[in-house]
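In this note's numbering, the protein residues as written are 1 to 809.
Beta carbons: idealized from backbone N, C-alpha and C, even for Gly.
This one's a predicted model, so the numbers in the text were calculated from it and none came from an experiment.
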Amino acid sequence: MHRKETYNFPFAAYPALRLMLWMMIGICVGHYLLAGNLNWILPTLVATLLLWASAEFILRKYRPVLYSTVSICLYALFVMLSAAALYTFSASKDSPDYAALEILKLYEWDDVTMAGSVRNSGRSASGRNVYELDVQNSVFNDTHSWNRNYRIRLYDSNEHNEPITAGDEVQLRVRLYSFPDRRNPHEFDYGGWLLDRGIVAHGEVQQVLEHNQVNRLGWEPLRAKVRANVHTVFDDEQAVIARALILGDKQEITAETRQQFSRAGLSHIMAVSGLHVGFIVAPFWFIIPLLWGSRTGKWTGLIILTLILIAYAGLTGFSPSVSRASLMAWLLTYGKLFHKVRTSINITAVAAVIILMIEPRQLFDVGFQLSFAAVFIILLVMPKVQRLVPGKWRFGKIGGLISIILVSIVVQLGLFPILVHYFGEFAIVGPIANALVVPLLFFTVPAALLLVIFSPLMPQLFQIGAYPLTLILQWIEHVAFMFGSQSFSYLSFTASPSTLFFVWLFVILLIASIRIPTVRWKMAVILLVGLNFFMAELILNKPVQGKMKVTFLDVGQGDAIHVQTPNNRHLLVDAGRWSPMSNSGERVLLPYFKHLGIDHLDAVILSHPHADHIGGMPHLIEHLSIGRIYQADYPYDSQLYHRYMHLAEQHQIPIYHATSGTMIDADPEIRIFVIGPDKGAQRDRNPNNHSVAFKLVHGNNHFLFTGDAEVNQERQLAYKYGDFLKSDLYKAGHHASNTSSNDFFMQYVEPEITVASLAFRNVFGHPGTYAVERIHQFSNRQKYTSLSGGIIFKSDGKELEKVYWRNGN
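So, in structure tokens, the structure goes:
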């Protein structure tokens, strides 16, 4: 008689894997559902424990068949509830002191004396020293003492100050900054990041009043010494890469270099992790067979390995990635020495369980997700992929190189959803770049570490020995720039659908079960269901046709407005500001468009050639495709203006002079009427009075933009157009200065909403008091980017709707 073939997953062989999955579910419950509420979870946990104990003693004796199922379910529930409680307790323990935050806001931009202990120290990407201080006492206005514990992040640009390290007791004079919030929809939530770390304030160190070096025997002084040794052994240019490569210290690496490494798929070599720990431990694995002979040898080897791992983790600052990799390496070595390795999957799960028990919030750390996802993908998928390679190649002379390329391809593709979700980019040249670099690291990482540690013994000799390593570092940097600077090296993505993770999971499980027919078809069916949900989500998230979105970006003291038309075309009105240190194109606009997946602007309208309106144009021209540019016919002489014009000519972007009576054809569902400046009008020496002013009409909704038009141009507009100026939304002229939004003009506009774009506490004194009074008199609602950050309105042609983007709506 034919017996149906079945397959039962060997859960008994993976106890740690089951425990890890249940813990992850429990932590997610604590994070998303409990929101810090322990009131009901603890009684439920106790009740579950009692039921589990009852099942062990009662059901086991009287209902043995039922006992097994009930016991397993109660055990799983107990683990999940314990993990949820552990997460909730951990989150509440380090939750920020919001009461202290509100009090400190009252003293923003004031100098405050603070005393406390340094929690940790480092350097920012801009090269400033950064400290986290656990404050015990604060003195306001030199008189009012406040004994309250809170945490603050401090920046120190004074290189003359004595280095401050973790554990030091200090008294500092600090200028408090305003607490940061997100200024635009696409921006990193720096304030939220601070609060997640329990930090309720940040500021600049003005003066070190007292400094007690409590801890000079810990890891921080040793790390500082090793960092200094790197610059002794290598030239300054290579020392920066060497510090990142062997210590994970990326503080002095420029943003451009980081971007090139990322787009070449090589950023992981500068983030000390499992790869580097593997290179450090690899020599030890070659001597493992020599230790198998005796129990003493095994324990001696394990102790030596433990010391090596602790030392390397200490030199890298006990970063989470190195700690994770060191724990996994130790467990694998222990299993190898004492013949307890049943499966690498279970060993990896043990490491995850230990880490989550110590700090359950690690589950939501991108480093944790990337490292463990990469390991599980390699363990599940690589054996199946390797079988596709003919044996003569796999076991031949180039077998090692083939393995490196395969691992890179499998990991890159396997981590695709996570990389896209967090970084919005995916390196497609990673396998090639890794094949050219990773084999060299097997020698470079341990050799460079040994040279740096022992270089003080014979500096000149070690400098000579570092020459081949210098050549390798130059090669690594060359490969990163060669691949990372090419436009074809990476793909950019907008926010990924949530169902992509579901599809990703079952693709991996399908590949892992490809040789088990009874499981394979089940995974395939679930995957097809997931693909249907994925396609449905894409359709539901598709931009709704017929709606227009107007976004007033916060670029500080400048203008930049993005108009997304009903047919998904993109207009930019002005391009923000320029300064010697940055420009709005690089800092705000390009990241914003990249976040939305926009690589082409159909038109750019520049009101006038001042630096706070054309500041981002050079950067945008170099990085985006632009259909055409409209600007005023006004001669202007500045380096920024000439550079922008030269770049536009170089990229063959047509430039049109917009004057009164011009119609800008952008989308058949909207109308753009240019109402100023007049063609051939008498020249006004003030460029503001030659601003391109226009009215945008979408159905019954009218929008008025006047650039920096002041009283003279507003008088001309009022005289010429009168009631035609009536609008639902008015972008206040000249950043709401007293020279604009005059009575005789506003009485015709009478907007429902007025939006002003300006910086908080700017040197020009905007908004002007009289302008604010006039705007308040003639409009029902007033919005200022200096107070609200980016401001978004949607139009369906009938009504205007404000988008509250901070709430995700």
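For Ile514, the three-state secondary structure derived from DSSP is coil. Rounded to the nearest whole angstrom, the CA to CA distance from Pro609 to Tyr634 is 8 angstroms. In terms of Cα proximity to Leu800, the closest of His734, Arg148 and Asn700 is Asn700. Cβ contact annotation for Arg60 (same chain, cutoff 8 angstroms, sequence separation greater than five): Tyr67 and Ser71, in chain order.
Counting only residues of its own chain and dropping the five nearest sequence neighbours on each side, Ile598 has a CB closer than 7 angstroms to the CB of His570. Rounded to whole angstroms, the Cβ separation of Gly116 and Val135 is 4 angstroms, and the two are in contact under 8 angstroms. Here Ser323 is not bridged, per DSSP, to any residue. Short of 8 angstroms from the beta carbon of Pro668, and not among the five residues preceding or following it, lie these beta carbons of its own chain, in chain order: Asn567. Ranked by how close their Cα comes to the Cα of Ser323, the residues Ile355, Phe442 and Gln238 have Ile355 in first place. Rounded to the nearest angstrom, the gap between the Cα atoms of Glu752 and Ser779 is 5 angstroms. For a cut-off of 8 angstroms, the C-beta gap from His734 to Ser740 is around 4 angstroms, short enough to register as a contact. For Leu222, the enclosing alpha helix (DSSP H) has its first and last residue at Trp219 to Val233. DSSP, read as helix, strand or coil, puts Asp156 in strand. The beta carbon of Asp796 sits closer than 6 angstroms to those of Lys547, all from its chain and outside the five residues before and after it, given in chain order. The count of Cβ pairs closer than 8 angstroms, one atom from the region 239-257 and one from the region 300-320, reaches three, so the stretches are in contact. With contacts defined as CB atoms closer than 8 angstroms, Gly585 and Leu620 qualify as a contacting pair.
Residue Lys105 holds the alpha-carbon nearest to the alpha-carbon of Leu176 among Thr444, Lys105, Phe284 and Ala560. The region 149-163 and the region 187-202 touch, with three or more beta-carbon pairs separated by less than 8 angstroms. Note on geometry: alpha-carbon atoms of Gln171 and Val118 lie some 10 angstroms from one another. When rounded, the separation of the alpha-carbon atoms in Trp299 and Phe454 is 27 angstroms. If the five residues before and after Met382 are omitted, its C-beta is found closer than 8 angstroms to the C-beta atoms of Leu406, Val407 and Val410, all from its own chain and listed in chain order.
Cβ atoms of Ala311 and Gly274 stay farther apart than 8 angstroms, at about 17 angstroms. Ile626 and Tyr636 have their alpha carbons spaced roughly 22 angstroms apart.
By the C-beta density criterion, Gly616 is buried, having at least 16 other C-beta atoms within 10 angstroms. Annotation for Gln260: the continuous alpha helix (DSSP H) segment containing it runs Ala255 to Arg263. When rounded, the separation of the alpha-carbon atoms in Leu606 and Met746 is 23 angstroms. The alpha-carbon of Ile345 is positioned some 41 angstroms away from that of Asn129.
In the DSSP annotation of this structure, the continuous segment of the beta strand (DSSP E) that includes Ile753 starts and ends at Ile753 to Ala756. Annotation: the continuous alpha helix (DSSP H) that includes Asp196 extends over Tyr190 to Asp196. In the three-state reduction of the DSSP assignment, Gln716 falls in the helix class, which pools H, G and I.
Note that the C-beta distance between Val353 and Leu19 is below 8 angstroms.
Distance from the CA atom of Gly335 to the CA atom of Gly122, rounded to whole angstroms, is 37 angstroms. According to the DSSP assignment, Tyr490 belongs to the beta strand (DSSP E) that extends over Tyr490 to Ser492.
Taking 8 angstroms as the upper bound for CB-CB distance, His31 and Phe364 are in contact here, some 7 angstroms apart. In summary, Leu331 is buried, with 16 or more beta-carbon neighbours lying within 10 Å of its beta-carbon over all protein chains present.
Taking each of Glu252, Trp393 and Gly191 in turn and checking the Cα distance to Pro96, the smallest one comes out for Gly191.
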